[in-house]
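Chains as they are written, first to last, in our numbering: chain A, 8 to 341; chain B, 8 to 341; chain C, 8 to 341.
Beta carbons are placed, not taken as given, at the ideal position from N, Cα and C, and that holds for glycine.
This structure is a prediction, so every number in the text was calculated from the model and none was measured.
For reference, the structure is listed below as structure tokens.
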Amino acid sequence: MHRFLDLADFSREEITGLIDLANRLERHPEPHALAGRILGLVFFNPSLRTLASFQAGMARLGGTSFVITPGQGTWQLETRLGAVMNGAAAEHVREGLPVLASYCDALGIRAFAEGRDLARDLAETQFGAMAGVIDKPLINLESAMNHPCQSLADWKTLDDLEVPRHGKFVLSWVQHPRALPLAVPAATVHMAAMRGMEVVVLRPEGYSLPPATMDKARAAAAAAGGSVRETADRDDALAGAQVLYAKEWGSTAHYGDAEGDASLRTSLGGWCVTPEWFDRAAAGCKFMHCLPVRRNVAVTDAVLDGPRSIVQREAYNRMTAQMAVLHRMLSHGV
Amino acid sequence: MHRFLDLADFSREEITGLIDLANRLERHPEPHALAGRILGLVFFNPSLRTLASFQAGMARLGGTSFVITPGQGTWQLETRLGAVMNGAAAEHVREGLPVLASYCDALGIRAFAEGRDLARDLAETQFGAMAGVIDKPLINLESAMNHPCQSLADWKTLDDLEVPRHGKFVLSWVQHPRALPLAVPAATVHMAAMRGMEVVVLRPEGYSLPPATMDKARAAAAAAGGSVRETADRDDALAGAQVLYAKEWGSTAHYGDAEGDASLRTSLGGWCVTPEWFDRAAAGCKFMHCLPVRRNVAVTDAVLDGPRSIVQREAYNRMTAQMAVLHRMLSHGV
Amino acid sequence: MHRFLDLADFSREEITGLIDLANRLERHPEPHALAGRILGLVFFNPSLRTLASFQAGMARLGGTSFVITPGQGTWQLETRLGAVMNGAAAEHVREGLPVLASYCDALGIRAFAEGRDLARDLAETQFGAMAGVIDKPLINLESAMNHPCQSLADWKTLDDLEVPRHGKFVLSWVQHPRALPLAVPAATVHMAAMRGMEVVVLRPEGYSLPPATMDKARAAAAAAGGSVRETADRDDALAGAQVLYAKEWGSTAHYGDAEGDASLRTSLGGWCVTPEWFDRAAAGCKFMHCLPVRRNVAVTDAVLDGPRSIVQREAYNRMTAQMAVLHRMLSHGV
Numbered sequence: 008m009h010r011f012l013d014l015a016d017f018s019r020e021e022i023t024g025l026i027d028l029a030n031r032l033e034r035h036p037e038p039h040a041l042a043g044r045i046l047g048l049v050f051f052n053p054s055l056r057t058l059a060s061f062q063a064g065m066a067r068l069g070g071t072s073f074v075i076t077p078g079q080g081t082w083q084l085e086t087r088l089g090a091v092m093n094g095a096a097a098e099h100v101r102e103g104l105p106v107l108a109s110y111c112d113a114l115g116i117r118a119f120a121e122g123r124d125l126a127r128d129l130a131e132t133q134f135g136a137m138a139g140v141i142d143k144p145l146i147n148l149e150s151a152m153n154h155p156c157q158s159l160a161d162w163k164t165l166d167d168l169e170v171p172r173h174g175k176f177v178l179s180w181v182q183h184p185r186a187l188p189l190a191v192p193a194a195t196v197h198m199a200a201m202r203g204m205e206v207v208v209l210r211p212e213g214y215s216l217p218p219a220t221m222d223k224a225r226a227a228a229a230a231a232g233g234s235v236r237e238t239a240d241r242d243d244a245l246a247g248a249q250v251l252y253a254k255e256w257g258s259t260a261h262y263g264d265a266e267g268d269a270s271l272r273t274s275l276g277g278w279c280v281t282p283e284w285f286d287r288a289a290a291g292c293k294f295m296h297c298l299p300v301r302r303n304v305a306v307t308d309a310v311l312d313g314p315r316s317i318v319q320r321e322a323y324n325r326m327t328a329q330m331a332v333l334h335r336m337l338s339h340g341v
Numbered sequence: 008m009h010r011f012l013d014l015a016d017f018s019r020e021e022i023t024g025l026i027d028l029a030n031r032l033e034r035h036p037e038p039h040a041l042a043g044r045i046l047g048l049v050f051f052n053p054s055l056r057t058l059a060s061f062q063a064g065m066a067r068l069g070g071t072s073f074v075i076t077p078g079q080g081t082w083q084l085e086t087r088l089g090a091v092m093n094g095a096a097a098e099h100v101r102e103g104l105p106v107l108a109s110y111c112d113a114l115g116i117r118a119f120a121e122g123r124d125l126a127r128d129l130a131e132t133q134f135g136a137m138a139g140v141i142d143k144p145l146i147n148l149e150s151a152m153n154h155p156c157q158s159l160a161d162w163k164t165l166d167d168l169e170v171p172r173h174g175k176f177v178l179s180w181v182q183h184p185r186a187l188p189l190a191v192p193a194a195t196v197h198m199a200a201m202r203g204m205e206v207v208v209l210r211p212e213g214y215s216l217p218p219a220t221m222d223k224a225r226a227a228a229a230a231a232g233g234s235v236r237e238t239a240d241r242d243d244a245l246a247g248a249q250v251l252y253a254k255e256w257g258s259t260a261h262y263g264d265a266e267g268d269a270s271l272r273t274s275l276g277g278w279c280v281t282p283e284w285f286d287r288a289a290a291g292c293k294f295m296h297c298l299p300v301r302r303n304v305a306v307t308d309a310v311l312d313g314p315r316s317i318v319q320r321e322a323y324n325r326m327t328a329q330m331a332v333l334h335r336m337l338s339h340g341v
Numbered sequence: 008m009h010r011f012l013d014l015a016d017f018s019r020e021e022i023t024g025l026i027d028l029a030n031r032l033e034r035h036p037e038p039h040a041l042a043g044r045i046l047g048l049v050f051f052n053p054s055l056r057t058l059a060s061f062q063a064g065m066a067r068l069g070g071t072s073f074v075i076t077p078g079q080g081t082w083q084l085e086t087r088l089g090a091v092m093n094g095a096a097a098e099h100v101r102e103g104l105p106v107l108a109s110y111c112d113a114l115g116i117r118a119f120a121e122g123r124d125l126a127r128d129l130a131e132t133q134f135g136a137m138a139g140v141i142d143k144p145l146i147n148l149e150s151a152m153n154h155p156c157q158s159l160a161d162w163k164t165l166d167d168l169e170v171p172r173h174g175k176f177v178l179s180w181v182q183h184p185r186a187l188p189l190a191v192p193a194a195t196v197h198m199a200a201m202r203g204m205e206v207v208v209l210r211p212e213g214y215s216l217p218p219a220t221m222d223k224a225r226a227a228a229a230a231a232g233g234s235v236r237e238t239a240d241r242d243d244a245l246a247g248a249q250v251l252y253a254k255e256w257g258s259t260a261h262y263g264d265a266e267g268d269a270s271l272r273t274s275l276g277g278w279c280v281t282p283e284w285f286d287r288a289a290a291g292c293k294f295m296h297c298l299p300v301r302r303n304v305a306v307t308d309a310v311l312d313g314p315r316s317i318v319q320r321e322a323y324n325r326m327t328a329q330m331a332v333l334h335r336m337l338s339h340g341v
């Protein structure tokens, strides 16, 4: 495997094969599999799980990693092509990233959406420009519209807990103090569709996912025997649900417009998951969230601390799933 | 050993056993003892010695470590129970810390005192709330009222230099531009008492250590054949002293009141250790400080650069003492 | 080798011996040569290449490293002797650096020029004060007037590309939004002279390199059969050049005077390297730069992205050259 940028780049069998490998490495650790291998991690945005789980995962496989945080200990990096660089950024990604790649065996990059122009973010313009100058194995640590490591971890978590392949999976918008990127909701709806689930996106008006995102998920669902639809009706969405996956994101109707988003958001205080949300769900309905999550804004303590919550398992599986990716990417041809 | 949070959790024999182990590892390195083991280090506050000595110590035992710094490369973490998280903190320690713990074999946490409510800090409310959600081995890298790694290193330093077990140990308040936490003075007075020393706390009016802190130290002294008292009389305190341990801390009479503390502090410029402080001390009286120290504010260059100063040995012993803790905690049952 | 602070501390044969070792390690990796060895890296200033290449280089030789960034996760460090430390810095380098050195087998320090007093910077006052308190092997990661790791990497790059030993090497000043330190130009002119090249420093009026810097380079040239001169005439400088090495630096006529430097700089927009600069150069003339570089300010995209540019090779050789230094410094007497 040379690149791990999007679950859609792989067949369903390749993804389940990665999860099988993750399960095997959990049962039979390989503490020397990546001996001598070096992973470079570049964070344009903050991280807790991604940083720690990749460093720990490499270490558990016998490899090492280094971390670069542009703007903090390292200069800011410019991403615009053709820029006249007389501003704050001292170095362009066209120099900086190939240099870092030349020091390591694989590179991971986190670069959130710019959040100004939806078409530009949907096209992964920024991440694509970076990926285009790197000739080493590359891992997407979250880009404008994708988070494949999170999705692989979530898929494995659904399998670990034996959630039925064609079960009902509700991705619900939840409240947040401000607009957040679309990466996780876009990746999640596609992941659940690709797994073959009955996917319902529950969101208030103004927060529809982009048509291109929904189309991509529907194509995955069609191939896997699942379905994808959107609704603003909570009762309808949650009836019989086996999974409630909560996520915050910004209004697509006001993309890049913080004030417009904020004006919509003021009336949406009810979009904080409480135990009552599960009244019509299936008996064992699970609560998922990729973390970080704002307690009592997006979800109440009662749900997060209750037995439905599997957020810790999801987070733990970041490490196990990523170890499979690293193993597939770096253990051959040593 | 599952937790290393407070020297008071261990018997005197357990502590001297740790120091014996530290000495053994100095003489007979074990470069593979912790192979495959991962230590997670979480710093809510700045660090130089703790960060470097734990990373180097793990490496010397064949293990690895990763570092998380909330608010810097990682989001700020909320610690209050029941908080409605609509402020700056994006994640609660109730999620973040168990996640990090799930990636590693032991976790170290540094979280200084909140410095507002003495009773709350004395109860270790904040650190306790974090410790309560972690089921992995845990090390206190400095909490509101404790710094067991520093104390173990200091005890070993006293042994290394053959300071008599029942010798006179003076912990003296020294000047600083502002109020600092009570963690090191509280840990130090207890450590010296537990070692069996004649402990004198020398401090100006308004800077008494809390009664609970003194009581805890006195109980340790009683068990070890030592004593603990407080005074504001420098001549009395330092007469015959074998150790002068300088430390800055905030006024307990004005806890959480920066202005009140500052008004007391203005007249205390004389509390900067000079060579003359040692005039009545024992001939070989040592100068100790946990570092960092502000030269010519807390202590003059002449003392720090002179032969009495053993601050470098203390700092070096952070690594050797912590290696014993890590070895005891992580080398069994591999 | 105990210290790697300045190429001038070594004979020409010792430097070519290091490059031979770097070449050997490229062909025949030694993944266990530095097993158990620990490198401490202290960055008073930002870094991308230095941080990543040292961490990766140590890992490729089986060693480990830790990173300390004063002012970021670690307190600010004071460097002035005799300072009364009642300001922002919580710790003096006289304590902090020996402590860090005691945890590791070698220390690397980056501390840019203070940029106020040229004589003080030329004397390496600040770096010298730090080096003077460290008794472990020490590497200069860029000081006020030197960057020996960059120079060793550049020398190796010239050899890799078979640039003739006595070829014409032009170090040219280029534009930047503000005054930058003299470390790289000073190190580069000395390196090229020591290699035996015909060195021309091309710079506008007001940007002469300091006489002491030129004298040092001329002495190296005399020993190696090369030459060193300065000019402001671009045509003269570049005629027949085999290498154009671009670098930004501050006006020595206005050292420490940002406004004076800025007023000179406004009329120097033409000092941005374009393809036309190579019109009179030798056919295969290479473009070098130590990076980071501001595109379309110091050099145009056309040059950086064109076939003359060997900046990526230079950056890659930071790692290979430094691995030779680390191997020579730390692999003996294990």
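Name the one or two DSSP bridge partners that residue i has.
i	result
G115(C)	L48(C), I146(C)
R10(B)	L145(B)
S179(B)	L209(B), A253(B)
L84(C)	E98(C)
From residue i to residue j, what distance separates their C-alpha atoms?
i	j	result
V105(B)	I116(B)	Checking the displayed sequence, the identity of residue 105(B) turns out to be Pro instead of Val. If I take the Cα positions, the gap works out to 12 angstroms.
S274(C)	E212(C)	11 angstroms
I26(A)	D167(A)	10 angstroms
S215(A)	S258(A)	8 angstroms
P217(B)	H99(C)	30 angstroms
R335(A)	M8(A)	6 angstroms
M160(A)	G103(B)	Note that residue 160(A) corresponds to Ala in the displayed sequence, not to Met. Computed Cα separation, rounded: 17 angstroms.
E321(C)	G89(A)	23 angstroms
A108(A)	E85(B)	35 angstroms
From the DSSP output, in three-state form, read off residue i for me.
i	result
E283(A)	helix
L275(C)	coil
E102(A)	helix
P155(B)	helix
F134(C)	helix
S234(B)	strand
I317(A)	coil
Which residue from the options puts its Cα closest to that of residue i?
i	options	result
R202(B)	L251(B), W162(B), A305(B), R302(B)	W162(B)
P53(B)	Q157(B), K175(B), L148(B)	L148(B)
A290(A)	L271(A), L251(A), A305(A)	L251(A)
A265(A)	L187(A), A97(A), R56(A)	L187(A)
A40(B)	R101(B), A309(B), G64(B)	G64(B)
S72(B)	C111(B), T86(B), E212(B), E102(B)	C111(B)
V318(C)	V332(C), P192(C), F134(C), F294(C)	F294(C)
D124(C)	P314(C), A260(C), W278(C), C279(C)	A260(C)
A126(C)	L189(C), V140(C), C156(C), Q79(C)	L189(C)
R272(B)	V181(B), D16(B), Q157(B)	V181(B)
A288(B)	V196(B), A97(B), L245(B), G174(B)	L245(B)
Q157(A)	M326(A), L28(A), I75(A)	M326(A)
Selection of the stretch 174-206 of chain C by Cβ proximity to chain A, strictly under 8 angstroms: The residues in question are P184.
Contact set between the stretch 117-141 of chain C and chain B, restricted to residues whose Cβ is under 9 angstroms from the partner: For the stretch 117-141 of chain C, there are no residues whose beta carbon sits under 9 angstroms from a beta carbon of chain B.
Where the stretch 302-333 of chain B meets chain C: residues whose CB sits under 7 angstroms from a CB there: Along the stretch 302-333 of chain B, going in chain order, the ones with a CB nearer than 7 angstroms to a CB of chain C are R302, N303, V304, D308, V318, Q319, A322, Y323, M326.
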